[in-house]
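Residue numbers (the working numbering), protein chains in the order written: chain A, 1 to 438; chain B, 1001 to 1364.
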Ligand code: SF4
Ligand code: SF4
């Protein structure tokens, strides 16, 4: 008999979850914006190759960018309209890339989607659809889904683990998806299971979403699918593949390896819904649920918005600011990126737009060797040692003795550090320097 | 609107260096107040002078740092206040006022500042200050006072006991050849007073009344070390607030108690496992050292495993120093010795990394 509630063992922290701001808000649809800015770099890997030029007209769902290498993804237009320009934009993660500025045609007819029974399709056909319709991981990492779901020769995907953890504070887009789009998402899970030939399917959900656990169990029971819904104790960063797999399967991904190396594939619940829409309606990934929240937002909401919507427009849709925020974060506050301005567009991986005040500020002091970072690190690293070595320019020591490259920048160490040392910032810098030296 | 741009995380816990330092000072407060209560206003004067000297030294050295364009004033982080408080609590209420001033200045200036300031020192500053003045002014430092909660001494015992701590009294007696008597018997025969409360409680519990008095703080000693009970209360507060963890205090006190029980009987001519534990554990600054000075984050190991080794080491050295040395500084010296070993412990005792279960086979 498996335990009722599981979690991973080493490290982890307990930030306040702040989900009450938006977890009762039903998903709403954003009215089609006048203009969207769709970048060609929506995913991890090489940017897509542009298929359209300035002045071309596009139809909602039409492909406008195509994968330029093995790890890359297709891009589709979320609106019907005209391409006004192709220009450089700076995304929240400081990546500069080309983007289409598309002016929408307010008179355009609504596009009709197909009605397909995915069961009649072979797994190769399904995988092709997933690739062709630009599905990427929607939890934030935006790894191209078709690459993840292509099981390399000699490997077996024993487990399909669906990530409904949403351990980042504030975010509720996956929570609402599980409550309101469960039927589709569960079909999506079965599609992925077919593609990768998974033997066991587990959905991991943290305990602050027991309503979602119950609802998914009901849906699964009604459909008679072999899926286990596993409640997990609340602990950050459980939504990370490594911690999620440890918690749900007990297996540990070796350093530098992938989930598939221990016979598992992990997929975010939002991605499952996108897979479902792709494989049953032929609808590409070009809109998503974004959680627009934070203390500074007048009326936090979960919004389905076209990819390329400027965050300012989302915030206006929520009634604007209650008070001026210090920061607007793309994704969750633990690992997300700070937006530069309100004109930055959302991407396929933007799960949240969070407007917050900076809290618990304190002056930075020297490291007092309290060891809190060491206890917090889910990877078992020694952040204080990495920090001291990087600050003194000893990148090789940080790298070789303290395994800097194993750091996944989850932010647990910096979250607890009483000295308020920008640890993650230092590690990002250290990695860059170490790579340069090689 | 100006948006702040900085690296993740954009969320921080309530932890801060200054909240740690002020909370430790707060946790020390009950024991310090008790010290002032039983030893009188002179004890208060010593505490105030120690803190002032420490804070002023930190401030002056901060000015030098400021001149050289180094960091801003570090007074607000509370570490200088804490060091001063600890120095004061480690003083006998009878020391001349100049001694805590020297000790505080040494702690902040030599032990901490010379090595680069907060976080860089390898020895606990307060301990460094105390040990420095102890070796410089040993006799002045070894003059103690009876707490006012104990019945007044009469007759001959005034000279013999009045200015000694129970530990040093027992120690001297044994060294002078008083064998076949347990430490509490030595104290009773010597006329060391106890409170009525302690006698009653001791009878019900079948323990020595001196252990009861030592636990609650009716005993001679340094201002801050006498009430093991209130120090324990402070320690529990710090554990609950997750500022310190139990690893160092419990292993330190536990291992010392174990060794004392097993071997200390030999000194008085008794056999194995006959040592008197409680009186030893509750006196001589063991609780102050184990809960508040051995746990100094800067100078103790980072990992929990390392902290257990550190605690065991402290317990071991304290036992050795108390039984084979003649220094009342056993606890301080034991901690300093382990401070020296801390960087080595941190080098070798590292956490188990995620994803290194079996040697990773390279894909061939
Ligand atoms: S950011 Fe890196 S070092 Fe810090 S806790 Fe996360 S994995 Fe560990
Ligand atoms: S949490 Fe911060 S102060 Fe504590 S050891 Fe780590 S880096 Fe140093």
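Ideal placement from N, C-alpha and C gives every residue a C-beta, glycine not left out.
Would you say the beta carbon of residue i is closer than 7 Å to some non-hydrogen atom of ligand 1?
i	result
residue 196(A)	no
residue 338(A)	no
residue 378(A)	yes
residue 410(A)	yes
residue 413(A)	yes
residue 424(A)	yes
residue 254(A)	no
residue 245(A)	no
residue 169(A)	no
residue 1321(B)	no
residue 383(A)	yes
residue 427(A)	yes
Just mark residue i as buried or exposed, buried being the case when its beta carbon has 16 or more other beta carbons within 10 Å.
i	result
residue 1362(B)	Residue placement at residue 1362(B) cannot be trusted, given a pLDDT of 44 that sits under 50; the coordinates are not used to answer.
residue 113(A)	exposed
residue 1347(B)	exposed
residue 198(A)	buried
residue 396(A)	exposed
residue 1125(B)	buried
residue 1(A)	With a pLDDT of 39 at residue 1(A), under the threshold of 50, the predicted position of this residue should be treated as unreliable, and no value is reported.
residue 1119(B)	buried
residue 240(A)	buried
residue 1256(B)	buried
residue 1001(B)	exposed
residue 1152(B)	exposed
residue 1013(B)	buried
residue 339(A)	buried
residue 20(A)	exposed
residue 31(A)	exposed
residue 390(A)	buried
To which residues of the same chain is residue i closer than 7 Å at the C-beta, ignoring the five residues directly before and after it?
i	result
residue 1184(B)	1208, 1210, 1276, 1279
residue 1261(B)	1273, 1275, 1277
residue 1042(B)	1093
residue 1058(B)	1074, 1075, 1080, 1108
residue 25(A)	300, 301, 302
residue 1006(B)	none
residue 40(A)	47, 48, 50, 65, 75, 97, 98, 99
residue 1127(B)	1293, 1332, 1335, 1336
Taking 7 Å as the cut-off, does the CB of residue i come closer than this to any heavy atom belonging to ligand 2?
i	result
residue 440(A)	Here chain A comprises residues numbered 1 to 438, so residue 440(A) is not present and cannot be evaluated.
residue 407(A)	no
residue 418(A)	yes
residue 1088(B)	no
residue 355(A)	no
residue 430(A)	no
residue 1306(B)	no
residue 1074(B)	no
residue 116(A)	no
residue 346(A)	no
residue 11(A)	no
residue 39(A)	no
residue 1302(B)	yes
Going by beta carbon distance, what residues of the same chain come within less than 8 Å of residue i, once the five residues before and after it are set aside?
i	result
residue 1359(B)	Per-residue confidence for residue 1359(B) stands at a pLDDT of 49, beneath the threshold of 50, marking its modelled position as unreliable; the derived number appears in the next sentence. No residues qualify anywhere along the chain.
residue 215(A)	178, 179, 182
residue 136(A)	42, 43, 44, 73, 142, 143, 144, 145, 271, 285, 348, 349
residue 963(B)	There is no way to answer for residue 963(B), as the model of chain B reaches only from 1001 to 1364.
If you drop the 5 nearest sequence neighbours on each side, which residues of the same chain put their C-beta closer than 6 Å to that of residue i?
i	result
residue 420(A)	362, 364
residue 1198(B)	1209, 1212, 1213
residue 1364(B)	Low per-residue confidence applies at residue 1364(B): pLDDT is 38, beneath 50, and the placement is therefore not dependable, though the value from the model is reported in the following sentence. Result list for residue 1364(B): empty, nothing under 6 Å.
residue 84(A)	101, 103
Handout entry: Runs of alpha helix (DSSP H) lying entirely within the region 300-325 of chain A, each at least 4 residues, in chain order
Key = 311-317
Handout entry: Uninterrupted beta strand (DSSP E) stretches inside the region 188-257 of chain A (no shorter than 3 residues)
Key = DSSP assignment within the region 188-257 of chain A yields the following whole beta strand (DSSP E) runs of 3 residues or more, N-terminal first: 200-206, 227-232.
Exercise for the section: Scan the region 1159-1231 of chain B and note each continuous alpha helix (DSSP H) run of 4 residues or more that stays entirely inside, going in chain order. Expected result: 1166-1175, 1183-1190, 1196-1205, 1209-1216
Exercise for the section: Could I get the ranges of all uninterrupted beta strand (DSSP E) runs contained in the region 27-103 of chain A, with 3 residues as the minimum, in chain order? Expected result: 35-39, 63-66, 81-90
Handout entry: Complete beta strand (DSSP E) runs within the region 331-419 of chain A (minimum length 3 residues, chain order)
Key = 352-356
Handout entry: Continuous beta strand (DSSP E) assignments of at least 3 residues falling wholly in the region 121-199 of chain A
Key = Those beta strand (DSSP E) runs which fall completely within the region 121-199 of chain A and span 3+ residues are 159-164.
Handout entry: Contiguous alpha helix (DSSP H) assignments of at least 4 residues, all confined to the region 1036-1094 of chain B
Key = 1041-1067, 1079-1089
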